[in-house]
Amino acid sequence: MKRFTLKSLPRASAKAVQTNEAYPDQSKTILDNAITVFQRLTDLGSATFNLLELQAAGQIGIQMVEICRKMQANRAEYVELVRSIALILDAIQKTLAGESDRDISTRLAKDLNSFKRDLEDIRNTLQALSERRTISRIANNAPDREELSKCNATVEQIFRTFELYTLIALRMDSDNTRHKVNMLFEQNSERRHSLPPLNIDARGLTVNNVCGTQTNNQPNTSQSPHTPECFNHSLLRPPSQPLAPGIFFGRNDPAIPPPPSERIAPEIFFGRDELVSNIASLAVQTEQMRFALLGAGGMGKTSTVLHILHQQSVVNHYGRHRYFVCCDATTSAETLAGLILRSIPVSVMHHEEDNMLNVMHQALCHMPRTLLVLDNFETLLNAGSSLTRVSDLLQRIVNAESLSLIITMRGAVPPYGIKWTHQHSLGPLAAPAAKEAFLAINPLFGDESNDNRHDLEELLAEMDYVPLAIRLLASVSIGFSPRYILRRWKKEKIGMLSTGDGSLENIEVSIRLSIAALDVTNNFEAVQLLGVLSQLPDGLLQWEERLPLIAAGFQNVHRSFHLLHKAALVFIWKGAANVLSPIRHYVNRYHPPDPHQVRCLESYFWDLVHTHATEAPLLGFICAKDILEADIGNIRSLIIHAARSCPSVQVVDAALEISEFLYRTNPSTELLYEVMALVKQFGCPIKKAQLYRRFGNILHMQNLYFGPSDTSTEAREHFLDVDDVLDAAQCALLKLQEDTNIKATDMSIDPLMQFLKMGLVIGVAHVLVLVYDSVIVWAMVAAWFHFYHAFSLRVRDLRLYHCLSRCLCACIAVYL
């Protein structure tokens with residue numbers, strides 16, 4: 001008969017209401033977490049128990065969340081009501097997880113059915129309130145508050161009903177347990193000699209028949225004062241040598257539940273062979289290995305440890321004593337101790353009041369050479385379990401000298417309390433391994449055409465080579481072309497990978513659990529910082545120095561960063577703080593940063609562009625090039641986002657300046673196209689002129705002669721509108737360069753006269769060379785240039801520097 005205990009239900013306080021109003025994203029996070037709870041309960045009711053009450057309760061909860069998202073008035077009260085309901089359903093879900101339908105009592109099913117009817121009433125009330133006209137709700141919201149108070153009272157009554165039922169059930173279970181224990185004691189003497197004994201030699205050493213090794217099985221002298229006399233004899237002892245008081249090896253007792261089914265290593269597994277081999281060698285060669293496999297969600301930690309468990313050397317060394325325990329449903333150290341006892345073939349008879357950690361410790365100390373894997377260990381830490389109890393649990397596990405331990409957990413730091421012999425943070429796959437994993441699921445996707453191969457490589461890079469994201473992408477892309485999937489990804493992003501269920505195979509659920517581990521309510525700044533860092537696809541280089549500069553509005557930015565790094569939401573690679581692509585897209589969709597924080601981030605990078613992008617192409621340009629090229633992906637992303645969401649003159653200036661820099665390094669008109677509409681909208685002639693001139697320069701550099709003459713002409717006209725004769729002349733010069741059919745008497749006169757009026761000898765030279773390209777002209781120009789002292793001339797364009805070099809070379813040629 002299944003029992004569960006509910007903790008005290010938090011009440012909606014004025015402080016909570018104020019917090020939700022001050023931080024609307026916090027209400028959104030609460031609703032997202034509630035959706036996760038309701039979805040899990042729905043899956044539990046439909047897949048595990050086939051219990052319509054559980055399934056219906058989860059679906060009703062989801063409907064209430066959707067109603068709350070539409071409400072504006074009294075939003076905080078609606079969110080708090082849903083949160084209270086989610087707490088109760090979460091307790092039910094966590095208690096029933098991992099059980100079978102035989103554990104559900106008729107009484108509990110009836111209570112769940114009653115609970116479902118109460119939830120239906122609350123949902124109908126919320127639906128009716130949401131359908132009221134907005135004007136009437138604003139004018140008089142007293143009826144809304146009254147109805148919400150009734151709903152809260154109903155939830156309170158539900159809580160008290162389950163609490164009272166739980167207390168009564170615990171008392172009944174206590175009496176039943178005593179009765180069963182007494183019966184087991186009576187059966188003990190009858191069954192003692194019917195079970196096969198362990199092979200124990202004269203020294204008291206148990207020989208493991210599977211591995212052929214020996215372990216010390218000296219009796220444990222520690223005994224509870226409540227232990228009956230019959231506990232001093234083992235059910236599985238030779239007549240002259242007991243194993244230990246009350247400890248049974250094997251599963252002959254029908255009261256012991258069967259162990260969970262053995263997990264098989266997944267077939268699709270690439271890029272981790274060397275890691276698996278190294279850890280397997282450690283497990284075999286190390287006397288007692290304590291290994292922590294860390295990393296972000298979706299990296300394949302579970303798949304990796306399963307392959308370690310099935311590695312042939314590990315199988316030969318540990319035999320059948322390799323145990324995999326999933327911690328997904330654990331809420332306390334005692335719960336996990338019970339799961340471990342259920343998984344291993346050793347039973348310890350104990351009283352109900354005995355400490356479960358002590359019982360587990362006694363059992364593990366009498367195990368032969370054993371490898372124990374605790375998967376998703378972070379669940380225990382995130383469930384609010386006492387860190388002291390978790391540390392005590394780990395210490396008792398590793399105190400068994402014959403046991404090696406492997407844990408997997410989301411995060412970058414293993415739990416404290418014991419000395420870990422080895423730890424490894426699992427990162428993304430290498431590009432070739434990611435491609436192999438993708439094609440193993442969707443082999444028809446990668447034909448030999450260059451276009452398809454390029455599209456696939458771009459898709460994998462967009463996933464940041466995260467194994468779970470690659471697996472989901474390969475599944476949804478079956479039957480479609482790479483080009484179509486790439487276009488769909490650019491439009492839908494993370495939503496494309498959603499499987500629609502609440503399992504960890506859903507990338508959104510996996511990321512949501514990692515963010516929930518932050519305790520969003522108490523660490524709201526950490527989520528905001530994650531949103532800021534998610535604006536930087538190339539990561540934040542030199543993050544130690546630059547973090548306070550881009551997050552000037554945070555109270556304790558280093559503490560927030562520590563929390564993100566500890567939860568593996570941010571990782572440090574090659575000196576940069578990075579956020580993986582799936583996490584970035586999820587955060588930008590569901591947890592966007594505050595606009596003020598985004599403006600602080602943009603301001604830092606706009607200043608960076610203004611300082612270095614306008615550097616003249618001399619020695620200082622080399623340093624500027626190194627600085628800007630490291631952040632060019634971040635700058636491009638920020639400009640595109642700002643141009644589409646919050647346009648300003650500063651965005652236009654940054655786009656023009658960085659485009660001038662790109663003209664000298666890697667010519668691209670992408671950012672100019674992004675801000676073209678803004679330049680026309682702001683109506684600034686000088687900005688228009690600069691925009692068209694940069695278009696002409698870059699297109700000329702790229703040898704795209706179809707159309708650049710028009711941009712040069714338009715830029716020249718805008719420069720003349722603001723009396724910028726020099727830039728107008730240079731635009732005319734650019735047009736002359738682009739069109740080789742222009743005669744000297746047609747277009748060369750205008751820029752020639754403008755350069756002469758301004759005394760720019762080098763400009764005159766450039767025009768003459770374009771029309772009369774001869775060595776004599778170059779020699780004359782070089783001499784003329786020397787005569788007028790080059791240092792006093794205004795030289796403002798890279799092409800003019802090039803012209804100067806040609807002049808000097810021509811002069812040397814004539815001289816020789």
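Residue numbers (UniProt numbering): 1 to 816. By construction, the Cβ of each residue, glycine as well, lies at the ideal position given by its N, Cα and C atoms.
I279 to I308 span [Cα, whole Å]: Here the question's residue 279 lines up with position 279 in the sequence shown. Here the question's residue 308 lines up with position 308 in the sequence shown. Approximately 7 Å, taken between the alpha carbons.
Alpha carbon of G427 to alpha carbon of P467, nearest angstrom: By one-based count along the sequence shown, residue 427 stands at place 427. By one-based count along the sequence shown, residue 467 stands at place 467. Spanning the alpha carbons of G427 and P467 requires a straight line of approximately 10 Å.
V649: first and last residue of the uninterrupted alpha helix (DSSP H) it sits in: Counting from 1 along the sequence shown, the entry for residue 649 is found at position 649. Residues V649 to T665.
Inter-residue spacing [alpha-carbon to alpha-carbon] between residue 829 and H361: Lying outside 1 to 816, the shown extent of the chain, residue 829 is not represented and no answer is given.
Residue ranges of each alpha helix (DSSP H) within the stretch 418-504, 4 or longer: Within the stretch 418-504, the runs of alpha helix (DSSP H) that reach at least 4 residues and sit entirely inside it are, in chain order, 431-441, 450-462, 467-476 and 482-492.
Spatially closest choice to M30 from I583, Y78 and E274, by CA coordinates: Taking the first residue of the sequence shown as position 1, residue 30 is located at position 30. Reading the sequence as shown, one finds Ile at residue 30 and not Met. Out of I583, Y78 and E274, Y78 has the C-alpha closest to the C-alpha of I30.
Sequence-distant residues of the same chain with beta carbon closer than 7 Å to G633, five excluded per side: Stepping through the sequence shown from its first residue, residue 633 is reached at position 633. Closer than 7 Å at Cβ, skipping near neighbours: P537 and D538.
N- and C-terminal bounds of the beta strand (DSSP E) containing V373: Here the question's residue 373 lines up with position 373 in the sequence shown. Segment T370 to D375, the beta strand (DSSP E) holding V373.
Through-space distance from K574 to L638, alpha-carbon basis: By one-based count along the sequence shown, residue 638 stands at place 638. By one-based count along the sequence shown, residue 574 stands at place 574. In this structure, the straight-line span from the alpha carbon of L638 to that of K574 is close to 22 Å.
Proximity below 9 Å, CB of L518 to CB of L547: As a working note, residue 518 is residue 518 in the sequence shown. As a working note, residue 547 is residue 547 in the sequence shown. No. Outside cutoff.
N382, DSSP secondary structure in three states: The sequence position of residue 382 within the sequence shown is 382, counting from 1. Note: N382 maps to helix in three-state DSSP.
Reduced DSSP secondary structure (H/G/I, E/B, other) of R589: In the sequence shown, counting from the first residue as 1, residue 589 sits at position 589. Collapsing the DSSP output to three states places R589 in a helix.
The stretch 564-583 / the stretch 660-677 touching (three or more Cβ pairs under 8 Å): No: the two stretches stay apart, fewer than three of their Cβ pairs being nearer than 8 Å.
According to DSSP, residues forming a beta bridge with G411: As a working mapping, residue 411 is identified with position 411 in the sequence shown. According to DSSP, G411 bridges with G295.
Closest by C-alpha distance to G297, when choosing among C68, N442 and I507: The count along the sequence shown starts at 1 and reaches residue 297 at position 297. Closest by alpha carbon: I507.
For R290 and L405, believed in contact at Cβ under 8 Å, the rounded distance: Along the sequence shown, read from residue 1 onward, the residue named residue 405 stands at position 405. Along the sequence shown, read from residue 1 onward, the residue named residue 290 stands at position 290. Correct: roughly 5 Å between the Cβ atoms.
Selected residue, minimal CA-CA separation from A630, among K419, A576, P415 and G61: Your numbering for residue 630 matches position 630 in the sequence shown. Ranked by Cα distance from A630, the options K419, A576, P415 and G61 are led by A576.
One or two residues paired with S404 in a DSSP bridge: Position 404 of the sequence shown, counting from 1, holds the residue named residue 404. In DSSP, S404 forms a bridge with L371.
Chain-order list of residues whose beta-carbon lies under 7 Å from that of R694 (same chain, five-residue window excluded): Within the sequence shown, the letter at position 694 stands for residue 694. The residues are L656, S659, E660, Y663 and L672.
Burial state of A551, where buried means 16 or more other Cβ atoms lie within 10 Å: In the sequence shown, the residue the question calls residue 551 occupies position 551. By the beta-carbon neighbour count (other beta carbons within 10 angstroms, threshold 16), A551 is buried.
Beta bridge counterpart(s) of R322 as assigned by DSSP: Mapped onto the sequence shown, residue 322 falls at position 322. Beta-bridge partners assigned by DSSP to R322: L371.
When A567, F561 and M496 are compared against H585, the one with the closest alpha-carbon: Numbered from its first residue, the sequence shown carries residue 585 at position 585. Cα-wise, what sits closest to H585 is M496.
Three-way DSSP call (helix, strand, coil) for I85 in this model: Here residue 85 refers to the residue found at position 85 when the sequence shown is read from its first residue. Helix at I85.
Proximal residues to L112 (C-beta, below 8 Å), its chain only, five neighbours per side dropped: Translated into positions along the sequence shown, residue 112 becomes position 112. So the list reads L51, E53, L54, A57 and I92, once near-sequence residues are dropped.
V598 classed as buried or exposed, judged by whether at least 16 other C-beta atoms fall within 10 angstroms: For the purposes of this step, residue 598 is taken as residue 598 along the sequence shown, with counting starting at 1. Classification for V598: buried.
Inter-stretch contact at 8 Å, needing at least 3 Cβ pairs: the stretch 620-627 / the stretch 640-654: Taking 8 Å as the limit for Cβ pairs, the verdict is that the stretch 640-654 does not touch the stretch 620-627.
Simplified DSSP assignment, three categories, for N578: For the purposes of this step, residue 578 is taken as the residue at position 578 of the sequence shown. Reduced to three states, the DSSP call for N578 is strand.
V346 (DSSP reduced to helix, strand or coil): Residue numbering aside, residue 346 sits at position 346 when the sequence shown is read from its first letter. Strand, per DSSP.
Pairwise C-alpha distance: L41 and T95: The count along the sequence shown starts at 1 and reaches residue 95 at position 95. The count along the sequence shown starts at 1 and reaches residue 41 at position 41. T95 and L41: Cα-Cα distance of roughly 11 Å.
Contact under 9 Å by Cβ, D328 with T379: What you label residue 328 is simply residue 328 of the sequence shown in a count that begins at 1. What you label residue 379 is simply residue 379 of the sequence shown in a count that begins at 1. Taking the C-beta atoms as reference points, T379 is found nearer than 9 Å to D328.
Bounding residues of the alpha helix (DSSP H) (the contiguous stretch that carries I572): Against the sequence shown, residue 572 aligns to sequence position 572. Here I572 belongs to no alpha helix (DSSP H); instead the beta strand (DSSP E) covers F571 to W573.
Proximity to C646 [Cα-Cα], best of E670, V359 and P595: One-based indexing of the sequence shown puts residue 646 at position 646. Answer by Cα proximity: P595.
Inter-residue Cα distance where the pair is S510 and N382: Taking the sequence shown and counting its residues from 1, the one referred to as residue 510 is at position 510. Taking the sequence shown and counting its residues from 1, the one referred to as residue 382 is at position 382. If I take the Cα positions, the gap works out to 14 Å.
Those residues which DSSP pairs with L536 across a bridge: Sequence index remark: in the sequence shown, residue 536 carries index 536 (1-based). The partner list for L536 (beta bridge, DSSP) is empty, contrary to what the question assumes.
Distance, A516 Cα to E458 Cα: The residue given as residue 458 occupies position 458 in the sequence shown. The residue given as residue 516 occupies position 516 in the sequence shown. Cα to Cα, E458 sits roughly 31 Å from A516.
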